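What follows is one structure encoded as structure tokens, with my remarks underneath.
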Amino acid sequence: MKKIISKIETAAKKAADKFKKFDSKVKLGDKLYKVLMILTILWFIYQMFFFAYNIKYNAAPDEERHRRLIVLYSERDNLSPFFPEQTDNFQFGDLTRNPSYLYFYIMGLFLKIPIVFKYHLIFLRITSIVTSLGIVYFFIKTMDELTKNRFVKLASVFMFTNTIMVPFLGMAVTYDNLVNLMAVISFYLLTRLFKSDWKSKASQISSLWLLIWWVINSCLASIVKYTYTPLFFIEAVVVGIFLMKNYENLIKSAKDWWNSTKLHIKIPVVILLLISIVLFVERYSVNISKYGNPYPDCAKIHELEDCFEFNAYKRNWELAADPMEKTQISIPGYAVYWSFYMLNRTYGIFGHTPYIYKNNFMVYSIVAVVGMAFLAFVRLFDKDKTSDRQNLPFIIFTIFYIFVLFYFKNYAEQKIFGLTGLAVHGRYIFPVYPLGLYFINHYLTRFMKSNLLQLIWLLCICFLFVYGQFAFFIRNAGEEWFRYGEPRFVVNFSDESYFKNAADGEWMGLPEN
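Mind the numbering: the sequence shown is residues 215 to 727 in our numbering, read in order.
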């Protein structure tokens with residue numbers, strides 16, 4: 215008996231020693247992961263401030279148009295987000311039924327504060343930087359729900375924050391940053407919702423909260439930028455299927471939520487929910503019922519001559535009316551053009567003409583990486599891959615959004631205008647781009663089981679995304695990109711001309727209005 219007890223004690227001691235070693239490794243791994251993640255985010259912040267201070271104003275896509283729209287909203291006498299009629303300002307296109315207005319309206323409210331308007335470009339760019347950091351935060355939170363693999367999370371965040379168009383766009387005055395943030399928030403809310411078990415009362419109430427915030431977020435995101443609606447649609451379909459399986463629990467949880475939530479909490483939430491739904495319905499249901507399109511043609515609302523004041527509309531109208539025969543390209547053929555345009559304008563920078571910067575080094579490298587990931591992806595339905603089942607809804611979201619962008623937006627416009635590269639921009643794919651990077655790294659781990667291979671891959675992407683992106687841009691971009699004709703590596707906000715220009719309502723040649 216004593217020998218048996220002694221053997222048990224010895225085995226227990228060995229197990230405890232092994233656990234201590236394992237625990238110390240886990241803690242060391244956690245610390246290293248946190249340090250590397252913090253350094254990655256700090257480097258991302260540096261890149262955004264570098265671009266914000268050194269790049270010429272309006273090099274970022276549509277920055278001047280977005281800023282002027284914000285100023286227009288700020289100068290209105292009332293607080294309504296609506297333009298009941300439009301008699302001027304047609305250089306912005308239609309303002310009465312445009313579904314993409316919420317960003318300009320919210321920022322316009324801030325600009326009504328005199329001190330904010332005085333330094334409004336600085337304020338708007340700082341707001342964009344904070345919003346971009348929010349994208350990274352909720353991207354990490356989403357991956358925390360999908361995987362425990364620290365390598366996958368670190369590699370995905372590193373690739374995202376070092377994709378040069380991300381910090382470049384991330385500092386700019388544009389509604390893209392806000393809608394990209396809201397897209398990632400929706401993914402985070404849905405990862406938690408799909409993991410709900412609905413077994414306990416507390417879990418049911420928590421699930422209903424997630425559903426409420428998802429509806430609010432999605433409705434408002436759709437009036438920040440109308441291109442969010444395909445993502446909202448496919449998410450609604452998947453959420454609807456999920457809720458059908460939990461219909462009885464949903465009804466019960468709604469009653470429990472109403473009875474258990476304090477009045478001063480549920481009333482504001484219900485009001486916000488109703489406002490977001492009403493704003494969404496007001497814009498899209500009226501547009502579809504009255505004009506037959508969620509984003510109606512300007513000429514259906516105003517005189518054609520007025521619409522021609524908006525340069526993009528006039529260009530598209532003239533291209534469509536051009537009697538020259540349009541070159542018809544098959545869908546597979548156009549897919550090749552589209553893929554390389556999208557890659558070049560994601561891993562290069564496509565700002566305003568002539569600010570075009572291409573990076574074929576990155577394009578071919580990413581093609582190789584995606585190809586490797588696809589080889590692993592074909593094993594998606596392996597029965598022992600439980601993580602694939604929770605990834606499946608988000609794979610559906612990503613593929614559906616890319617398909618709508620490719621076929622109903624870009625390919626449809628190619629057939630009308632006859633130009634392969636028109637309106638094919640990397641930033642249009644950014645609502646699902648973080649998910650795409652997560653899937654690439656998640657499925658690459660099926661080739662990289664050992665820590666050594668994962669370390670080698672991290673070193674490869676460090677070289678690929680730092681040397682091949684930010685450093686490559688600094689070496690190859692012409693002086694036309696920069697404020698003073700050459701790159702400035704030190705972000706120095708003590709520059710007197712910076713504050714003087716901002717105080718005068720000018721920054722990089724910015725006019726007062």
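Glycine included, C-beta positions come from ideal geometry on N, C-alpha and C. Since this is a predicted model, take the numbers as computed values, not measurements.
Next on the checklist: Using a Cβ-Cβ cutoff of less than 7 Å, which residues in the same chain neighbour H334 once the five nearest sequence positions on both sides are dropped?
Outcome noted: L325
Item to check | Start-end ranges of the beta strand (DSSP E) lying completely within the segment 361-401, minimum 3 residues | outcome: none
Next on the checklist: My output table needs one value for F614: the three-state DSSP class, helix, strand or coil.
Outcome noted: helix
Next on the checklist: Could you pull the DSSP bridge partners for F696 from this structure?
Outcome noted: I269
Checklist entry - At what residues does the alpha helix (DSSP H) containing Y315 begin and finish? => result Neither: Y315 is in no alpha helix (DSSP H) and is coded neither H nor E.
Checklist entry - Should the segment 461-473 be called in touch with the segment 394-407, which here means at least 3 C-beta pairs below 8 Å? => result no
Item to check | Coil, strand or helix - I515 by DSSP | outcome: coil
Checklist entry - How many Å lie between F575 and I688 at the Cα? => result 15 Å
Item to check | Same chain, Cβ closer than 6 Å to G562, neighbours up to 5 away in sequence not counted | outcome: Y571, K572, N573
Item to check | Ordered list of alpha helix (DSSP H) runs contained in the segment 449-483, each at least 4 residues | outcome: 461-474
Checklist entry - Is M373 near I675, with beta carbons less than 8 Å apart? => result yes
Item to check | Straight-line Cα distance separating S346 from T388 | outcome: 11 Å
Checklist entry - Are the beta-carbon atoms of I616 and V583 separated by less than 8 Å? => result no
Checklist entry - Whose CA, out of L678, S432, F591, N431, lies closest to the CA of R660? => result F591
Checklist entry - Alpha carbon to alpha carbon, how far is S544 from A626? => result 12 Å
Item to check | Per-residue DSSP class, three states only, for F564 | outcome: strand
Checklist entry - Cβ of E693 within 8 Å of Cβ of Y569? => result no
Next on the checklist: Measuring straight from C-alpha to C-alpha, what distance separates I340 and Y267?
Outcome noted: 11 Å
Item to check | Which of helix, strand or coil DSSP assigns to Y625 | outcome: helix
Next on the checklist: Output needed for V371: all residues of its chain with C-beta closer than 7 Å, excluding positions within five of it in sequence on either side, in chain order.
Outcome noted: M251, T254, V350, F353, I354
Item to check | Supposed close pair A274, A386 - CB separation, criterion 8 Å | outcome: 3 Å
Item to check | Beta bridge counterpart(s) of Y571 as assigned by DSSP | outcome: I563
Checklist entry - What's the call for K239, buried or exposed, on a 16-neighbour Cβ count within 10 Å? => result With a pLDDT of 49 at K239, under the threshold of 50, the predicted position of this residue should be treated as unreliable, though the coordinate-derived value follows. K239 should be labelled exposed.
Next on the checklist: Excluding the 5 residues flanking L672 on each side, which residues of the same chain have their C-beta closer than 8 Å to its C-beta?
Outcome noted: F365, L368, A369, F372
Checklist entry - Would you say I430 and L486 are within 8 Å of each other, going by their C-beta atoms? => result yes
Checklist entry - Among the residues of its own chain, which have a CB less than 7 Å from the CB of F522, if the five just before and after it don't count? => result K528
Item to check | Nearest-angstrom Cβ-Cβ length linking N272 and H639, presumed shorter than 8 Å | outcome: Their Cβ separation, rounded to whole angstroms, is 16 Å, which puts N272 and H639 out of contact at 8 Å.
Checklist entry - D602 to F608, Cα distance in whole Å? => result 10 Å
Item to check | Alpha-carbon spacing of E726 relative to T310, whole angstroms | outcome: Low confidence applies here, because E726 scores a pLDDT of 43, under 50, leaving its location unreliable; read the following figure in that light. Roughly 25 Å separates the two Cα atoms.
Next on the checklist: What does the alpha-carbon distance come out to for the pair F337 and V330?
Outcome noted: 7 Å
Checklist entry - Are the segment 533-542 and the segment 647-666 in contact at 8 Å, needing three or more beta carbon pairs? => result no
Next on the checklist: Can you tell me where the alpha helix (DSSP H) holding I509 begins and where it ends?
Outcome noted: First, the amino acid is wrong: residue 509 is Tyr here, not Ile. No alpha helix (DSSP H) contains Y509, which DSSP labels as neither H nor E.
Checklist entry - Between the C-alpha atoms of V581 and Y317, what's the straight-line distance to the nearest angstrom? => result 34 Å
Checklist entry - Taking the C-alpha atoms as reference points, what is the distance between Y509 and F258? => result 35 Å
Item to check | P298 beta carbon less than 8 Å from that of Y498 | outcome: no
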